Amino acid sequence: MPLTKLNFKSGINKEETDYSNEGGWVDGDKIRFRKGRVEKIGGWEKFSPSSIIGSARALHAWISLAGAKYLGIGTTNKYYIEEGETYNDITPIRKNTTNTATFAATNGSSTLTVTDSAHGAVQGDFVTFSSAVSLGGNIIASALNQEYQIDLVTGTNTYTITAKDTTGATLTANSSDSGNGGSATDAAYQLNSGLDFFVQSTGWGVDTWGAGGWGSSTSLNASNQLRLWTHDNFGENLIINPRGGGIFRWVEDNGTNTRALELSGVSGANLVPTVGLQVITSETDRHLIVLGADPISGSSRTGSVDPMLVAFSDQENELQFEPLATNTAGSLRLSSGSSIVGGLKARQEILIWTDTSVYSMNFIGPPLTFAINLINEGAGLIGPKAATNTPRGVFFMSKKGFYYYNGSVQKLPCSVQDFVFSDLDDSQAFKCFAGLNEEFSEVWFFYPSIADNEREISRYVIYNYEENSWSVGTLERYSWLASGVLDKPVAGGEASSVKFIYQHETGFNNDDSAMDGVFVESGDLDVGDGENFVFLKKILPDILFVNDVGTSPNGAVNIVVKRRDFNNQTLSTDSTTQITSSSTFGSLRSRTRQFVLRFESDDDNTESDRKDFKWRLGSTRVDIQPSGRR
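In this note's numbering, each residue's number is its place in the sequence shown (first place is 1) plus 1.
The structure is reproduced here in structure tokens:
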């Protein structure tokens with residue numbers, strides 16, 4: 002028989018049965034579709050060799066007037082500004098105490114008990130001590146006068162820390178450590194840390210262990226909820242906001258060794274919101290917008306989030322929020338939905354999503370300043386970061402599906418929708434986020450998976466808006482920032498429980514290691530609608546191998562043949578052949594009615610076979626011979 006050419010359809014399709022999807026792909030990982038063909042995705046490497054504290058769930062890049070490139074990073078515990086591969090901690094200081102902090106040590110223990118009246122700290126917070134003196138033994142002054150993370154809050158006035166030297170190594174107190182660190186010890190408490198998981202409501206499990214009375218409920222706030230930051234520039238300065246918490250400003254002229262300060266406390270501030278759900282700067286008209294701001298009551302703000310209130314400053318003045326006849330400050334309240342979930346700057350407008358609806362916010366000038374129009378009901382946002390702007394419009398993820406906005410809201414046909422939303426961990430869906438990979442015309446949607454049972458982002462789905470194709474995969478990431486100010490996309494992630502920022506689409510590896518688990522698998526294939534058995538003798542692959550510059554030609558792809566005689570039978574692996582850049586064909590020995598082809602660059606390969614290269618499929622041919630009906 003002549004060779005049979007197999008030309009597969011673009012994209013992963015999980016909405017059909019494996020047999021009805023003949024000529025298509027049913028599964029894959031770490032692959033994309035480009036010009037209709039399958040190829041391995043680009044690799045990633047650490048953006049900086051330094052690690053960060055906490056999961057990076059928000060990223061923002063900008064350039065100063067002097068040409069300095071900055072990357073803002075909001076984590077569970079801190080806020081950093083990166084410059085020159087250095088992470089500078091600008092986390093706001095919540096409280097300073099003077100001459101009040103004392104220490105108690107126990108012989109043979111590394112645990113120190115700190116007493117500081119009404120400290121207001123929560124577990125995981127960071128505090129920096131100064132002016133302490135030695136406790137008399139191993140716990141010397143230099144060990145105390147540094148930053149510590151609070152291990153456990155034991156009371157309104159007490160908490161514990163683990164003693165360490167200036168290198169970070171744990172110290173153990175001895176019998177001489179009987180002092181109190183000096184009566185003049187000062188403490189600077191950073192902004193309360195947030196949680197690394199989403200809490201659905203008030204009550205049991207909201208607060209840290211031991212907080213409150215038995216059976217008591219606790220109101221949700223910025224410190225006992227999933228920590229999500231929003232940020233935007235007002236000129237060269239950076240405005241930051243932990244969701245549900247305060248509004249802060251970092252002044253670029255003051256340098257990266259200074260911390261952000263609460264905006265409402267800055268000299269000249271007038272009725273600036275003290276809390277909010279998100280901050281956005283309108284670019285053309287230069288207003289600072291706070292979504293979910295606290296309302297004005299008399300001559301002050303209430304201090305409590307109004308989840309449907311949109312407040313905006315005077316034009317060109319982020320410190321003036323009092324509405325006057327002589328300025329453009331003001332506020333508007335949305336009506337469709339119960340809470341603002343997120344907002345995004347689009348072309349000539351700002352989109353605002355509630356849990357049920359989408360609004361368009363447009364600058365119209367005095368006296369009303371802004372107009373907000375309801376453009377869709379029924380397509381709310383699944384999480385604050387689950388939308389991204391692209392050259393083709395705005396793509397976003399709701400609780401029910403994937404959507405597209407370019408003047409009107411449309412639902413995207415999706416060949417993996419049931420698979421994704423049946424696998425979605427609804428309890429942590431607020432973590433879902435979207436990111437643009439413009440080089441490949443892709444939108445990446447990241448989500449937490451029930452199957453992975455990690456309560457964390459572990460999977461993604463890619464939509465190619467040029468080719469209308471979908472693919473799926475596994476990758477643990479916490480945030481994504483498209484290229485622009487930075488040459489490549491960057492994302493928050495981790496390695497061996499250590500948190501890093503990664504640069505994507507660089508090289509072909511998982512940092513310095515081979516990228517594991519790369520594969521694509523076809524639907525069922527047969528000849529003559531499966532009436533006869535067939536014998537597969539060999540396969541003539543059409544695979545392009547591309548190596549990193551400066552590396553030796555290498556790389557291998559395994560082609561796995563799986564078989565079954567009837568649709569509902571479980572697939573069994575029949576034969577495997579390895580293909581390299583010099584292979585002319587692969588030998589197979591498989592007799593079946595229906596077969597599946599799987600291309601992978603992981604199993605049975607050595608590390609060198611998997612590093613420093615990518616592969617791209619062309620038109621595969623197979624030698625198939627008839628083998629009777631029985």
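Heads up, the beta-carbon is just placed ideally off N, CA and C, and yes, glycines get one too.
As the structure is a computational prediction, the values presented were derived from the model and not from experiment.
Taking the Cβ atoms as the reference, Asn-559 lies roughly 5 angstroms from Glu-601, within the contact range of under 8 angstroms. Judged by DSSP secondary structure, Asp-575 falls within the beta strand (DSSP E) whose first and last residues are 573-581. In the DSSP assignment, Ala-380 falls outside any beta strand (DSSP E), carrying neither H nor E. Apart from the 5 residues on each side of it in sequence, Ile-54 sits with its Cβ closer than 6 angstroms to the Cβ of Asn-78 and Lys-79 in its chain, given in chain order. By the Cβ neighbour-count rule, Pro-490 is buried, with 16 or more other Cβ atoms within 10 Å of its own. Three or more beta-carbon pairs separated by less than 8 angstroms are not found between the segment 358-376 and the segment 295-305, which leaves the two stretches without contact.
A Cβ-Cβ separation of about 5 angstroms places Phe-596 in contact with Arg-564 under the 8 angstroms criterion.
Counting only the Cα atoms, Pro-324 lies some 58 angstroms from Ser-179.
The beta carbons of Gly-43 and Thr-507 sit closer together than 8 angstroms. Pairing Gly-24 with Gly-524, the inter-Cα distance amounts to about 7 angstroms. A distance below 8 angstroms separates the beta carbons of Val-306 and Asp-295.
Taking C-beta atoms under 8 angstroms as the contact rule, Cys-433 and Gly-384 qualify, at a distance of about 4 angstroms. The segment 64-113 is shown to contain whole beta strand (DSSP E) runs of 3 or more residues at 70-76, 80-84, 87-90, 94-98 and 103-106, in chain order. Within the same chain, and ignoring the five residues on either side of Ala-189 in sequence, the residues whose Cβ sits closer than 7 angstroms to its Cβ are Ile-94, Asn-97, Val-128 and Thr-129. If you look at Phe-536, you'll find it isn't in any alpha helix (DSSP H); it sits in the beta strand (DSSP E) that goes 535-541. DSSP places Gln-595 inside the beta strand (DSSP E), whose first and last residues are 595-601.
Asp-513 has its alpha-carbon roughly 55 angstroms from the corresponding atom of Asn-328.
For Asp-233, the pairing in a beta bridge is given by DSSP as Ile-240. Ala-62 is positioned such that its CB atom lies no closer than 8 angstroms to that of Thr-76. DSSP links Ser-298 through a beta bridge to Ser-301. Beta-bridge analysis with DSSP links Phe-586 to no other residue. Counting along the chain, the unbroken alpha helix (DSSP H) around Gln-418 starts and ends at 418-424.
At a Cβ-Cβ threshold of 8 angstroms, Leu-476 and Tyr-461 count as neighbours.
Non-local beta-carbon contacts of Ser-314 in its own chain, meaning distances under 7 angstroms to residues more than five positions away in sequence, involve His-288, Leu-289, Gln-321, Phe-322 and Ala-330 in chain order. A distance below 6 angstroms between beta-carbons, with the five flanking residues on each side excluded, links Gln-150 to the following residues of its chain, in chain order: Phe-127. Here Ser-358 carries a strand assignment [DSSP, helix/strand/coil]. Rounded to whole angstroms, Gln-191 and Glu-317 show a C-alpha spacing of 30 angstroms.
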